[in-house]
Amino acid sequence: MDIWQAIILGLLQGLTEFLPVSSSGHLVIVQDFLGVIRTGVTFDIAVHLGTALAVAYYFRDQLWGMARNFRLLALLVVASIPAAVFGLAFQDFLEGLFSQVVAVGFALLVTGTILWLAETYSRQDKAAKNMEQISYKDALIIGLGQAVAIIPGISRSGSTIATALLRNVNRESAAEFSFLMSLPVILGAAFLELIDLGSTASSLPVVPILVGLGTAFFSGLAAIYFLLTIIRRHSLKIFSYYTWSLGVVVLLWNLI
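Here it is, written out as structure tokens:
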């Protein structure tokens with residue numbers, strides 16, 4: 061792997077991990093369309109770590125406050141349960157989807173529809189909940205949205221934010237809770253990849269790994285800032301148009 065490939069893959073991971081467009085779906089598409097081969101578990105661990113560090117840096121105050129706010133930690137644990145159960149129960153099936161680009165195309169259409177419906181039907185009235193008012197029931201239901209997003213092409217941030225909006229969580233708190241929920245998922249994925257790595261040494265030189273980690277960190281941080289700005293001031297329907305368009309392109313490409 062050269063430096064430019066490390067930068068491209070780091071950017072792809074960092075930007076699409078947090079924007080509601082599906083990072084896993086984009087990785088499958090890149091592999092199929094451009095022939096970019098993901099070159100090893102070590103690099104995957106590095107870019108996952110980069111995006112996890114972006115969340116930890118941006119929300120450092122909230123994470124530090126968990127030492128005094130056990131309830132937020134408990135909410136994140138509850139929200140993580142559905143994805144863990146779903147991922148373990150259907151592991152073989154889900155892994156098979158990562159080689160099916162047509163399935164990703166359909167899933168991107170679903171992502172766009174989820175975002176559209178959430179923006180259209182969420183109430184967002186004066187009683188909309190802030191972070192402190194999210195209940196355990198809300199966390200579990202939002203966690204179900206995250207579980208569905210294990211399917212490549214279904215956006216994790218999109219489905220969790222959409223579910224939170226439909227649970228009448230205010231827009232900024234919905235996004236913040238979604239980002240905090242991503243930490244266990246990202247670190248869990250990196251841990252599983254570390255197990256796959258085992259005792260084998262990486263064939264990649266250190267520099268591309270560090271470049272990928274740094275690129276994923278900075279692009280992930282930029283994506284968090286960007287999405288929070290969008291969700292405060294604008295509609296997420298803009299991402300519906302993008303995922304619908306990309307889904308249609310993927311399906312037409314494979315039909316042709």
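Sequential numbering of the sequence shown, starting at 61, is according to this note's numbering. Ideal Cβ placement from N, Cα and C applies to all residues, glycine included.
Check, Outcome
"With 16 other Cβ atoms within 10 Å as the buried cut-off, status of A112", "buried"
"Residue range of the unbroken alpha helix (DSSP H) whose run includes N314", "K297 to L315"
"Minimum C-alpha distance to I221 - residue among G274, I105, S279 and L287", "L287"
"Proximity below 7 Å, CB of S52 to CB of P212", "Any question about residue 52 goes unanswered here, given that the chain covers just 61 to 316."
"When N190, L240 and I68 are compared against Y118, the one with the closest alpha-carbon", "L240"
"Proximal residues to V107 (C-beta, below 6 Å), its chain only, five neighbours per side dropped", "G70, Q73, G272 and A276"
"Assigned exposure category for E179 - 16 Cβ within 10 Å defines buried", "buried"
"Which of helix, strand or coil DSSP assigns to K189", "strand"
"For V81, three-class secondary structure by DSSP", "coil"
"Per DSSP, cross-strand counterpart(s) of A229", "The sequence shown places Val at residue 229, rather than the Ala named in the question. In the DSSP output, where bridge partners are listed per residue, V229 has K189."
"Top-ranked residue by Cα proximity to A235, from A149, I141 and P80", "P80"
"Range covered by the alpha helix (DSSP H) that runs through P142", "F130 to A149"
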